[in-house]
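Trainee: Counting along the sequence shown from 1, when you hit position 250 you're at 250 in the numbering used here, and nothing is skipped either side.
Quick reminder that beta carbons are idealized off the backbone N, C-alpha and C, glycines included.
Sharing a structure with you now.
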Amino acid sequence: MSEYSIKNKRIARNTIVLYIRLILTIIVGLYSSRVILDALGVNDFGLYNLVGGFVMMFSAVHAGLISASQRFINVALGKDNPEELKHVFSTILGIYIFLTIFAVILVESVGLYFLENHLNIPSSRLYAAKWTFQFSVFSLICTLIGALANAEIVAHEKMQIFAFVSIFDSIAKLIIAVSIYFSHFDKLIFYSALMALESIIIQLINWSYCIIRFKECRVEWSLDWILIKEIYSFSLWSMLGGLAFLGFTQGVNVILGMFFAPAIVAARGIAMQVQGVIKNFADNFQTAVYPQIIKSYSKGEIDYFKKLLLVSSKYSFILLLFISLPFLLETDAILDLWLVEVPNDSSVFLRLVLLSVLFNAMTIPYEKAIHAVGKVKYYSLTTSLTFLSIVPVSYIVLKMGMKPYSVFIVQLVLTLIAVSIRMYMAKKIVNINLRDFIYFCIIPILKVSISSLIVPCLFLFFLPKSTSRFIWVSCFCIVSVIVVTYFFGMTTYEQETIKKAILNKFHKVKQHYK
Numbered sequence: 001m002s003e004y005s006i007k008n009k010r011i012a013r014n015t016i017v018l019y020i021r022l023i024l025t026i027i028v029g030l031y032s033s034r035v036i037l038d039a040l041g042v043n044d045f046g047l048y049n050l051v052g053g054f055v056m057m058f059s060a061v062h063a064g065l066i067s068a069s070q071r072f073i074n075v076a077l078g079k080d081n082p083e084e085l086k087h088v089f090s091t092i093l094g095i096y097i098f099l100t101i102f103a104v105i106l107v108e109s110v111g112l113y114f115l116e117n118h119l120n121i122p123s124s125r126l127y128a129a130k131w132t133f134q135f136s137v138f139s140l141i142c143t144l145i146g147a148l149a150n151a152e153i154v155a156h157e158k159m160q161i162f163a164f165v166s167i168f169d170s171i172a173k174l175i176i177a178v179s180i181y182f183s184h185f186d187k188l189i190f191y192s193a194l195m196a197l198e199s200i201i202i203q204l205i206n207w208s209y210c211i212i213r214f215k216e217c218r219v220e221w222s223l224d225w226i227l228i229k230e231i232y233s234f235s236l237w238s239m240l241g242g243l244a245f246l247g248f249t250q251g252v253n254v255i256l257g258m259f260f261a262p263a264i265v266a267a268r269g270i271a272m273q274v275q276g277v278i279k280n281f282a283d284n285f286q287t288a289v290y291p292q293i294i295k296s297y298s299k300g301e302i303d304y305f306k307k308l309l310l311v312s313s314k315y316s317f318i319l320l321l322f323i324s325l326p327f328l329l330e331t332d333a334i335l336d337l338w339l340v341e342v343p344n345d346s347s348v349f350l351r352l353v354l355l356s357v358l359f360n361a362m363t364i365p366y367e368k369a370i371h372a373v374g375k376v377k378y379y380s381l382t383t384s385l386t387f388l389s390i391v392p393v394s395y396i397v398l399k400m401g402m403k404p405y406s407v408f409i410v411q412l413v414l415t416l417i418a419v420s421i422r423m424y425m426a427k428k429i430v431n432i433n434l435r436d437f438i439y440f441c442i443i444p445i446l447k448v449s450i451s452s453l454i455v456p457c458l459f460l461f462f463l464p465k466s467t468s469r470f471i472w473v474s475c476f477c478i479v480s481v482i483v484v485t486y487f488f489g490m491t492t493y494e495q496e497t498i499k500k501a502i503l504n505k506f507h508k509v510k511q512h513y514k
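Below, the structure written as structure tokens:
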């Protein structure tokens, strides 16, 4: 078996593990959201999203470092130099600790002042909001320090433990959600406290695994100031990307919280939870591919590197389409089945968010490729400022008296602009052939997207709104994407690989029962 075949097999195996994890976490996660919304009520659910999300904005100080950690650890692994790997890890850990202390000081001063004076929080719930704020700070510390452990696990491609911890995390959140019903304390405060405790437990598991399994995590304290400068040079520009992500997620929550009641933030919270679930379908595939993108570039395997980019771009979009199409066509039916009480505007918010995620997904691998090369300055500056502009533009739009959904239209437009910039920068930095991207990625995506809509839309237009129509539309969305992808989205080589894999599996089963 060739080296490339082994790598592709590893990617496939890790992808399967991550998707098993995803299916379980989706089932548990969606039910947990239903229980939490019902237990807290729309206003407290919105308040938790507003305050918790506001605190998480301060993770921006780590945003660029997360990308830098993954990049430098993967490069060291690609060189197969244990001493260099230990040196890199020790240096990055020192930076993480320093920035976490800085983030806590910032959130407890500037953040607390902003909470008390600028967010639209009912006076009767300000006491609970302050406790939620403090417990969210504990969660923030765990998230920041835990990011390095996650980077180690992903870099070593240990997706089994990654999947196990994610499943445990989902089950723990479900237990927390159910326990709120039996609490005699303030439900919002009790929920925030349990979520902080759960964050601590999750990161203890991650770090224990890393220390036991990876020698470089048994820290021998040393700080390399030249390496720190190199990491900061990379992470400073990548930090803009993290700021942009926080602007797109938590920043918009804060803007909505300044103009509208917590119920509107709750509606956006529902849309963002569904977006997170659906986005994970593409993220899992990208998580499996990302280490190979960096390692293949660091080893000089440029042909494999570019082929991997084209394939991962195409399937990132198709995997998202596979799960998001039923949500786009039957949004109201899904929300009615899922939630006891559906916050107003949730369906409009959700459709616009999913369109943004779909357009963004197909070019994310090229962002990873630019990170692999290390030339992130101009790329991060242009794309991040584009994404980050959602905060001031949304503020201006809402100040003009526009409806809450206008924020999501702004998000969609900015996503399309950022996608165009990303591909232009990839052509310049990674020497990507845009003609190949259009031929091997865009054209198959258009064929699959348009063809997949035909049968589900027939049911949508000719059947009255009902549970049976929802079932028919959802089933044919899934079947259509699978069938159409095989005939119109795959190359002949990919089709032959699928056939061979199915025949081999069939042959093994047949031999087993002989």
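1. Can you look up Pro464 in the DSSP assignment and give me helix, strand or coil?
2. Have a look at Leu412 and Arg34 and give me their C-alpha separation to the nearest angstrom.
3. Between which two residues does the alpha helix (DSSP H) carrying Leu325 extend?
4. I'd like to know if the segment 249-265 and the segment 41-49 are in contact, where contact means that at least 3 CB-CB pairs between them fall below 8 Å.
5. Under a Cβ-count criterion, where at least 16 other Cβ atoms within 10 Å of its own Cβ denotes burial, should Ile200 be classed as buried or exposed?
6. Here's the rule I'm using: 16 or more other beta-carbon atoms within 10 Å means buried, otherwise exposed. How should Asp303 be labelled?
7. According to DSSP, simplified to helix, strand and coil, what is Ile95?
8. Taking all protein chains shown into account, decide if Lys428 is buried (16 or more other Cβ within 10 angstroms of its Cβ) or exposed.
9. Under the rule that 16 or more other beta-carbon atoms within 10 Å means buried, what is His184, buried or exposed?
10. For Tyr379, tell me which candidate among Ser420, Val393, Ser468, Ala193 has the shortest Cα-Cα distance.
11. With distances taken Cα to Cα, identify the nearest neighbour of Phe359 among Ser394, Leu414, Phe138.
12. Consult DSSP for Tyr378 and reduce its assignment to one of helix, strand or coil.
13. Can you give me the C-alpha to C-alpha distance between Lys306 and Lys229, rounded to a whole angstrom?
14. Can you tell me where the alpha helix (DSSP H) with Met423 in it begins and where it stops?
15. With a cut-off of 8 Å on the beta carbons, I'd call Pro365 and Glu157 a contact; round off their distance for me.
16. Tell me whether the beta-carbon of Gln141 lies closer than 8 Å to the beta-carbon of Val104.
17. Excluding sequence positions up to five away, which residues of its chain have a Cβ less than 8 Å from the Cβ of Asn43?
18. Among the residues of its own chain, which have a CB less than 6 Å from the CB of Glu330, if the five just before and after it don't count?
19. Enumerated in chain order, which unbroken segments of the beta strand (DSSP E) with a length of 3 residues or greater are wholly contained in the segment 179-209?
20. Just the C-alpha distance for Ala333 and Phe440, rounded to the nearest angstrom, thanks.
21. Taking C-beta to C-beta, are Ala273 and Ala155 nearer than 8 Å?
22. Using C-beta distances below 6 Å, list every residue in its chain close to Phe322, excluding the 5 sequence neighbours before and after it, in chain order.
23. So Ile270 and Ile95 are in contact, right, with Cβ under 8 Å, and what is the actual spacing, rounded?
24. In this structure, does DSSP put Met272 in helix, strand or coil?
25. What is the DSSP secondary structure of Val342, counted as helix, strand or coil?
26. Restricting to Cα atoms, I'd like to know which of Tyr315, Gln275, Lys368, Ser452 is closest to Ser296.
27. In three-state DSSP terms, what is Tyr173?
28. Is it the case that the Cβ atoms of Leu174 and Val28 are separated by a distance below 8 Å?
29. Alpha carbon to alpha carbon, how far is Tyr31 from Trp338?
30. What three-state label does DSSP hand Arg213 in the structure shown?
31. May I ask you to report which of helix, strand or coil DSSP gives Leu119?
32. On the three-state DSSP scale, how would you describe Gly489?
33. Consult DSSP for Glu367 and reduce its assignment to one of helix, strand or coil.
34. By how many angstroms is the C-alpha of Ile73 removed from the C-alpha of Gly489?
Mentor: Reading from the atomic positions:
1. Coil.
2. In a straight line, the C-alpha of Leu412 is about 27 Å away from that of Arg34.
3. For Leu325, the uninterrupted alpha helix (DSSP H) run begins and ends at 302-329, by DSSP.
4. Three or more beta-carbon pairs separated by less than 8 Å link the segment 249-265 to the segment 41-49, which places the two stretches in contact.
5. Answer is exposed; the Cβ neighbour count stays below 16.
6. Counting Cβ neighbours within 10 Å, Asp303 comes out exposed, since fewer than 16 surround it.
7. Three-state result, Ile95: helix.
8. Its Cβ having fewer than 16 others within 10 Å, Lys428 is exposed.
9. With fewer than 16 Cβ atoms within 10 Å of its Cβ, His184 is classed as exposed.
10. Nearest of Ser420, Val393, Ser468, Ala193 to Tyr379, Cα basis: Ser420.
11. For Phe359, the closest alpha carbon among the candidates Ser394, Leu414, Phe138 is that of Leu414.
12. Note: Tyr378 maps to helix in three-state DSSP.
13. C-alpha separation (whole angstroms): 29 Å.
14. Boundaries of the alpha helix (DSSP H) harbouring Met423: 406-429, taken from the DSSP string.
15. Contact doesn't hold; Cβ gap of about 17 Å is too wide.
16. The question names Gln, but residue 141 is Ile in the sequence shown. Going by C-beta atoms, Ile141 is nearer than 8 Å to Val104.
17. Here the set comprises Pro122, Arg125, Ala261, Pro262, Ala263, Ala266.
18. Closer than 6 Å at Cβ, skipping near neighbours: Phe470, Val473.
19. Those beta strand (DSSP E) runs which fall completely within the segment 179-209 and span 3+ residues do not exist here.
20. Roughly 35 Å separates the two Cα atoms.
21. Before going on, a small fix: residue 273 reads as Gln here, not Ala. Taking the C-beta atoms as reference points, Ala155 is found no nearer than 8 Å to Gln273.
22. Val481.
23. Not a contact, Cβ separation roughly 36 Å.
24. Here Met272 sits in helix by DSSP.
25. Taken through DSSP and simplified to helix, strand or coil, Val342 comes out as coil.
26. Nearest in C-alpha terms to Ser296, of all of Tyr315, Gln275, Lys368, Ser452, is Lys368.
27. Here the sequence assigns Lys to residue 173, which means Tyr is not the residue at that position. Helix at Lys173.
28. Against a cut-off of 8 Å, the Cβ pair of Val28 and Leu174 comes out as a contact.
29. Just so you know, the alpha carbons of Tyr31 and Trp338 end up roughly 8 Å apart.
30. Of the three classes helix, strand and coil, the one that applies to Arg213 here is helix, per DSSP.
31. Leu119: coil per DSSP, three-state reduction.
32. Of the three classes helix, strand and coil, the one that applies to Gly489 here is helix, per DSSP.
33. In the three-state reduction of the DSSP assignment, Glu367 falls in the helix class, which pools H, G and I.
34. Taken atom to atom, the span from the alpha-carbon of Gly489 to that of Ile73 is near 34 Å.
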